[in-house]
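Undergrad: Each residue of the sequence shown is one higher than the one before, counting from 141 in the working numbering.
Quick one: the structure is below, questions incoming.
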Amino acid sequence: KAIWDPVDLASRMTGAAVLIALIVLLIDTVSVNLAANLVGPAYDFSSLAPKQISYRTGGYMTAAIALVMMPWKILESTQGYIFTWLIGYSALLGPIAGILIVDYYLIRKTHLDVDQLYRHDGVYSYGNGWNMVAIIAFAAGVLPNIPGFLSVAFPAAFPSVGSGFKMIYTYAWFVGITISALVYAIMTKGRTSAVMAVAPR
Numbered sequence: 141k142a143i144w145d146p147v148d149l150a151s152r153m154t155g156a157a158v159l160i161a162l163i164v165l166l167i168d169t170v171s172v173n174l175a176a177n178l179v180g181p182a183y184d185f186s187s188l189a190p191k192q193i194s195y196r197t198g199g200y201m202t203a204a205i206a207l208v209m210m211p212w213k214i215l216e217s218t219q220g221y222i223f224t225w226l227i228g229y230s231a232l233l234g235p236i237a238g239i240l241i242v243d244y245y246l247i248r249k250t251h252l253d254v255d256q257l258y259r260h261d262g263v264y265s266y267g268n269g270w271n272m273v274a275i276i277a278f279a280a281g282v283l284p285n286i287p288g289f290l291s292v293a294f295p296a297a298f299p300s301v302g303s304g305f306k307m308i309y310t311y312a313w314f315v316g317i318t319i320s321a322l323v324y325a326i327m328t329k330g331r332t333s334a335v336m337a338v339a340p341r
């Protein structure tokens with residue numbers, strides 16, 4: 141039987157190997173989570189209200205949300221971890237990737253004005269800071285995956301989801317990136333001159 145849970149694997153060891161394995165696991169978990177999963181959200185929360193929310197407070201908020209999500213429940217089985225969490229997460233990341241790729245490589249031709257990125261009234265501010273075309277493209281990429289996700293995450297509540305939607309969800313990342321990229325490219329067609337109005341530096 142293949143053991144995929146590192147904690148379960150460590151529990152099957154004996155002697156000093158158990159202590160060494162657990163120390164390595166602890167260092168790995170703490171370092172990865174601090175660098176990859178805490179810094180970004182903490183800064184995001186701080187950016188929402190810089191005067192009220194410091195980086196440390198943002199970190200505490202992130203930790204609190206992480207506890208409420210009960211990640212240990214996700215890790216209880218490969219079904220919950222792979223098919224519910226990882227594929228469900230990829231259903232969101234795929235559309236984001238499609239929009240970013242089209243916008244950066246096809247629309248902007250790899251040119252960005254860094255100064256404009258930090259201006260509230262800059263060329264990248266769109267409508268009050270919201271790029272509605274990107275939001276529509278994102279929604280278009282996510283929507284086909286929702287029925288399949290619901291059938292996997294809540295099988296008792298959604299037992300009648302068709303096999304076609306389940307198949308689409310299996311390839312959620314590829315479906316999302318393809319649809320969102322196409323929708324974003326079509327909706328931004330002809331807007332290249334306006335997008336490139338600010339000369340790259």
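The beta-carbon is built from N, C-alpha and C at its ideal position, and this holds for glycine as well.
Note that the structure is a prediction, hence the values are computed from the model and not measured.
(1) Residues in the same chain with beta-carbon distance under 8 Å from threonine 97, minus the five sequence neighbours each way, listed in chain order, please.
(2) Could you name each continuous alpha helix (DSSP H) segment of 4 residues or more that falls completely within the segment 279-334, going from the start of the chain to the end?
(3) Given a cut-off of 9 Å, decide if valine 282 and proline 390 are closer than it, judged by their beta-carbon atoms.
(4) Count the other CB atoms within 10 Å of the CB of tyrosine 195; is the residue buried (16 or more) or exposed (fewer)?
(5) How would you label tyrosine 324, buried or exposed, when you count the other beta carbons within 10 angstroms and need 16 or more for buried?
(6) Compare the beta carbon distance of isoleucine 308 and valine 315 with 9 Å and say whether it is the shorter of the two.
(7) Taking the straight line between their C-alpha atoms, what separation do you get for phenylalanine 289 and glycine 228?
(8) Mind checking whether asparagine 177 and alanine 231 have CB atoms under 9 Å apart?
(9) Which whole-angstrom value is the C-beta distance of alanine 175 and glycine 199, which I expect to be below 8 Å?
(10) Do you know how far the Cα of isoleucine 163 is from the Cα of tyrosine 266?
(11) Taking asparagine 271 as the reference, which of Leu240, Gly220 and Ala156 has the closest Cα?
(12) Hey, leucine 320 and phenylalanine 278 are a contact pair by Cβ (cut 8 Å); roughly how many whole angstroms apart?
(13) List the residues that DSSP assigns as beta-bridge partners of glycine 267.
(14) So what's isoleucine 227 in DSSP terms, helix, strand or just coil?
(15) Excluding the 5 residues flanking leucine 257 on each side, which residues of the same chain have their C-beta closer than 7 Å to its C-beta?
(16) Can you look up proline 146 in the DSSP assignment and give me helix, strand or coil?
(17) Nearest CA to the CA of alanine 204: which residue from Lys191, Leu215, Ile214 and Phe185?
(18) What first and last residue would you give for the alpha helix (DSSP H) that runs through glutamine 256?
TA: Working from what's here:
(1) Nothing about residue 97 can be read from this structure; the chain reaches only from 141 to 341.
(2) 286-293, 303-310 and 312-327
(3) A query on residue 390 cannot be resolved here, the shown segment of the chain reaching from 141 to 341 and no further.
(4) Sequence index remark: in the sequence shown, residue 195 carries index 55 (1-based). So tyrosine 195 ends up on the exposed side.
(5) Here residue 324 is taken as the residue at index 184 of the sequence shown, counted from 1. Buried, by the Cβ-count rule.
(6) Sequence index remark: in the sequence shown, residue 308 carries index 168 (1-based). Sequence index remark: in the sequence shown, residue 315 carries index 175 (1-based). Against a cut-off of 9 Å, the Cβ pair of valine 315 and isoleucine 308 comes out as a contact.
(7) Your numbering for residue 289 matches position 149 in the sequence shown. Your numbering for residue 228 matches position 88 in the sequence shown. One C-alpha to the other measures close to 6 Å.
(8) As a first step, residue 177 is located in the sequence shown; it is residue number 37 there, counting from the start. As a first step, residue 231 is located in the sequence shown; it is residue number 91 there, counting from the start. No, these two residues do not count as a Cβ contact at 9 Å.
(9) For this step, residue 175 is matched to residue 35 along the sequence shown. For this step, residue 199 is matched to residue 59 along the sequence shown. Contact flag wrong, Cβ pair sits at about 13 Å.
(10) Walking along the sequence shown from the start, residue 266 turns up at place 126. Walking along the sequence shown from the start, residue 163 turns up at place 23. Each residue's Cα considered, the two are about 49 Å apart.
(11) For the purposes of this step, residue 271 is taken as residue 131 along the sequence shown, with counting starting at 1. Among Leu240, Gly220 and Ala156, the Cα nearest to that of asparagine 271 belongs to Leu240.
(12) On the sequence shown, residue 320 is found 180 positions in, with the first residue counted as 1. On the sequence shown, residue 278 is found 138 positions in, with the first residue counted as 1. Before going on, a small fix: residue 320 reads as serine here, not leucine. Yes, serine 320 and phenylalanine 278 are in contact; Cβ-Cβ is about 6 Å, under 8 Å.
(13) Numbered from 1 along the sequence shown, position 127 holds the residue referred to as residue 267. Bridge partners of glycine 267: Trp270.
(14) In the sequence shown, counting from the first residue as 1, residue 227 sits at position 87. DSSP places isoleucine 227 in helix when its eight states are reduced to three.
(15) Residue mapping note: residue 257 aligns to position 117 of the sequence shown, counting from 1. Tyr264, listed in sequence order.
(16) Along the sequence shown, one-based indexing puts residue 146 at 6. Helix.
(17) Against the sequence shown, residue 204 aligns to sequence position 64. Nearest C-alpha to alanine 204: Phe185.
(18) Counted from its first residue, the sequence shown places residue 256 at position 116. Its alpha helix (DSSP H) spans residues 254-257.
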